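Working notes for the structure below.
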Amino acid sequence: MKLVGITQRIDEFIDRDETRDSLDQRLNSFVQAAGYIPVPIPNFSFEHTHREGGKENHFSQWLNKFLPDAFILSGGSNIGENANRDMTENQILTYAEKRSLPMLGICRGMLMMAQRAGIALHKIENHVATKHKIHGEINELVNSFHNLAIDSCPDEFSVLAQSLDGEIEAIRHRVLKWEGWMWHPERMVEFSKVDIARTQALFG
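Heads up: the sequence shown is residues 4 to 207, going by this note's numbering.
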């Protein structure tokens, strides 16, 4: 079975003086339901990569040991809230691009794809803790937990779906096997057969 690396959010627990990587177990379940083995990816501390006076990227070494077959950039937290997560996910995007590895960006993950391509983000309303219809190549009733959206579709991507109020809800890379979805497939009471099928087609 193929290994799917999944990025994690970073949560601060002040009362315990701890910083933790966190991953919704439902996302692991979604990946397993699609027929793959989920592997959480740690957020590396890029401030502590020095050894014997030289710079060493431990995260690149970890990726090369792991040898993932595909990636999911998970949702949760806004871009810019934690530099280590932002740097971890940007390195994954570069790693996957160089090796033509499949990738699914969920919510924040889709925003990461677009922002890396130079697209700005804007605030939106009525897209948090609700459900709405999307139309285009994908026609579904999806959940929505985001207050940011992309200004436009990156040149190297095409639009897969939009909301009825005109926001871009899903994109697909024109060359790479990359897709971005603004909804959370793992948060459905029952996983969508459409989402499972698209994930299987993407990851192969």
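By construction, the Cβ of each residue, glycine as well, lies at the ideal position given by its N, Cα and C atoms. All figures in this text were calculated on a predicted structure; none of them were measured in a lab.
Identified DSSP bridge partners for residue i
i    : result
D24  : I13
M106 : F74, W181
G8   : V42, F74
I137 : E143, S166
A173 : A164, W184
I199 : None; I199 has no bridge partner.
Status (buried if at least 16 other CB within 10 Å, exposed otherwise) for residue i
i    : result
F62  : buried
D158 : exposed
G56  : Unreliable placement is indicated for G56, whose pLDDT of 49 sits below 50; no coordinate value is reported for it.
A37  : buried
N7   : Note that residue 7 is Val in the sequence shown here, rather than Asn. Buried, because 16 or more other Cβ atoms sit within 10 Å of the Cβ of V7.
L96  : buried
E193 : exposed
D14  : exposed
D198 : buried
Beta carbon of residue i nearer than 9 angstroms to that of residue j
i    : j    : result
G151 : H125 : Rather than Gly, the amino acid found at residue 151 in this sequence is Leu. Yes; because the gap between Cβ atoms is below 9 angstroms, this pair is in contact.
G108 : E182 : yes
I153 : A132 : no
I217 : A117 : Residue 217 lies beyond the stretch modelled for the chain, which goes from 4 to 207, so this question has no answer here.
M113 : L76  : yes
L179 : A99  : yes
F74  : I40  : no
F16  : T22  : yes
M191 : N146 : yes
L205 : P105 : yes
A200 : F160 : no
R175 : G78  : no
H135 : R111 : no
Residue i versus the options, residue with shortest Cα-Cα distance
i    : options                : result
W186 : L179, R177, V178, E170 : E170
D72  : C156, H149, K5, R175   : K5
S80  : K101, D24, Q64, K68    : D24
W184 : I95, T202, L96         : T202
S48  : T97, F160, R88         : R88
N46  : V197, L30, L26, F194   : L26
S195 : D20, D18, F33          : F33
A173 : E193, A37, G139        : G139
R102 : L66, G78, H135         : L66
I137 : V162, I127, E92        : V162
F69  : P188, V42, Q35         : V42
R177 : C156, E189, N60, P188  : C156
E189 : D18, R19, Q35          : Q35
Distance cut-off 8 angstroms: residue i Cβ against heavy atoms of the ligand GDP
i    : result
H135 : No copy of the ligand GDP occurs in the structure displayed, which carries no ligand at all.
message: I'd like the ranges of any beta strand (DSSP E) spanning at least 3 consecutive residues and lying wholly in the region 81 to 128.
response: Complete beta strand (DSSP E) runs here, min 3: 106 to 109, 124 to 126.
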